[in-house]
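Colleague: Numbering (this note's numbering), first residue to last: 1 to 128.
Below: one structure in structure tokens.
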């Protein structure tokens with residue numbers, strides 16, 4: 001039962017991201033957010049000489065403001081890049097995640113609940 005719920009939730013989130021991409025006002029946000037993560041990954045991979053997984057991990061941890069501290073920039077150039085990267089990236093990531101959350105909530109509100117669907121099925125069966 002847990003897996004069904006997880007799959008449904010992931011599908012709903014995927015549908016919300018697709019809705020964000022269809023909306024003219026937010027269409028660019030997924031691409032800008034992905035571009036930021038990709039840019040950070042490439043910069044840290046090249047400047048810090050981390051492997052791609054470490055660079056991707058640090059990019060995501062930085063933009064989400066988690067900041068575990070297990071990886072950190074070691075040169076002045078990568079520190080300056082990180083300052084600009086975080087200041088620009090947090091705003092873009094928050095805008096993207098807010099848009100996805102709004103679409104998700106909107107879709108959930110428009111979809112009938114399981115209780116309503118079960119009630120409709122019961123009424124339909126009684127009518128037969």
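The beta carbon of each residue, even a glycine, is placed where N, CA and C say it ideally should be.
On a predicted model such as this, the values are computed, not experimentally measured, just so you know.
Using the Cα positions of residue 32 and residue 123, report the straight-line distance between them to the nearest angstrom.
Modeller: Mapped onto the chain shown, residue 32 falls at position 32. Mapped onto the chain shown, residue 123 falls at position 123. If I take the Cα positions, the gap works out to 48 angstroms.
Colleague: Identify, in the order they occur along the chain, each residue of the same chain with its Cβ nearer than 6 angstroms to the Cβ of residue 56, setting aside the five sequence neighbours on each side.
Modeller: Within the chain shown, residue 56 is the residue found at index 56, counting from 1. Result list for residue 56: 41, in chain order.
Colleague: Start and end of the alpha helix (DSSP H) containing residue 76?
Modeller: By 1-based counting over the chain shown, the position of residue 76 is 76. Here the alpha helix (DSSP H) through residue 76 covers 76-110.
Colleague: In this structure, does DSSP put residue 15 in helix, strand or coil?
Modeller: Against the chain shown, residue 15 aligns to sequence position 15. Taken through DSSP and simplified to helix, strand or coil, residue 15 comes out as helix.
Colleague: With distances taken Cα to Cα, identify the nearest neighbour of residue 27 among 86, 107, 120, 96.
Modeller: Position 27 of the chain shown, counted from the start, is the residue given in the question as residue 27. Answer by Cα proximity: 96.
Colleague: Does the distance from the CB of residue 64 to the CB of residue 93 come in under 9 angstroms?
Modeller: Along the chain shown, one-based indexing puts residue 64 at 64. Along the chain shown, one-based indexing puts residue 93 at 93. Cβ distance < 9 angstroms, so residue 64 and residue 93 count as in contact.
Colleague: Just checking my contact of residue 12 with residue 107 at CB under 8 angstroms: how many whole Å lie between their CB atoms?
Modeller: On the chain shown, residue 12 is found 12 positions in, with the first residue counted as 1. On the chain shown, residue 107 is found 107 positions in, with the first residue counted as 1. With a Cβ gap of about 6 angstroms, residue 12 and residue 107 count as contacting.
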